[in-house]
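**Student:** Its first residue numbered 268, the sequence shown is counted upward by one per residue in the numbering used here. Backbone N, C-alpha and C define an ideal beta-carbon position, used for all residues, glycine too. Since the structure is predicted, the reported quantities are computational estimates derived from the model, not experimental observations. This structure is in C-alpha cells; I'll ask about it shortly.
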Amino acid sequence: MIRQIAPQFFTMDIPGTLAYYKDKLGFECLGTWQDPPVYAIVARDQHAIHFRCAEPPTANPNKYSDELLDAYVFIEDADALYAEYAARGVEFTRGLANMPWHSREFVVKDCDGRLLAFGANL
Numbered sequence: 268m269i270r271q272i273a274p275q276f277f278t279m280d281i282p283g284t285l286a287y288y289k290d291k292l293g294f295e296c297l298g299t300w301q302d303p304p305v306y307a308i309v310a311r312d313q314h315a316i317h318f319r320c321a322e323p324p325t326a327n328p329n330k331y332s333d334e335l336l337d338a339y340v341f342i343e344d345a346d347a348l349y350a351e352y353a354a355r356g357v358e359f360t361r362g363l364a365n366m367p368w369h370s371r372e373f374v375v376k377d378c379d380g381r382l383l384a385f386g387a388n389l
C-alpha cells in the first residue's frame, strides 16, 4: 500500500531553497546531509519534498506560458493558504480561482523557477 509520495527537486542552492521553503511556504527542514549540504528534506503537514544538489534539467522554453507544473499539491483550504502565502510575499503566476475541473487553486513560482499548484476540491 502506498502511504506517501515525495518529489525530489534539483537545486544548485540547497541553503537558499531551504530558506525559501521555510520562510515563504511554511515548511520545516527535517534534515540535511553533508556540509555544505547536497541533500535536504522539508515537510509541511506530514508531506515531504526532497531536494538534491544537481543541475536542473534543461527547462522547456514554454514552461511558464504553457504553465507546465512541477507539482500539484492537494490542500484543504485554498483561500487560507493563498492569504498566508500572499502575506509572506510569495510570487504567484496564477491567482486564486475556481477552475472548470471543480477545484479552487493557485500557482506559485518558487525560488528555483518551479511551478507549484495548490488546489482544494470544490
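Restricting to Cα atoms, I'd like to know which of G362, P323, N327 is closest to D379.
**Tutor:** Ranking the options by Cα distance to D379, first place goes to P323.
**Student:** Please specify which runs of the beta strand (DSSP E), each continuous and at least 3 residues long, are wholly inside the segment 268-304, giving them in chain order.
**Tutor:** Fully enclosed beta strand (DSSP E) runs of 3 or longer: 275-278, 295-300.
**Student:** If you drop the 5 nearest sequence neighbours on each side, which residues of the same chain put their C-beta closer than 8 Å to that of D290?
**Tutor:** Excluding sequence neighbours, D290 sits near R355.
**Student:** CB A387 to CB I316, shorter than 9 Å?
**Tutor:** No, the pair does not count as a contact, with Cβ atoms beyond the cut-off.
**Student:** If we ignore side chains and look at the alpha-carbon of each, how far apart do I281 and L383 end up?
**Tutor:** The straight-line gap from Cα to Cα measures roughly 18 Å.
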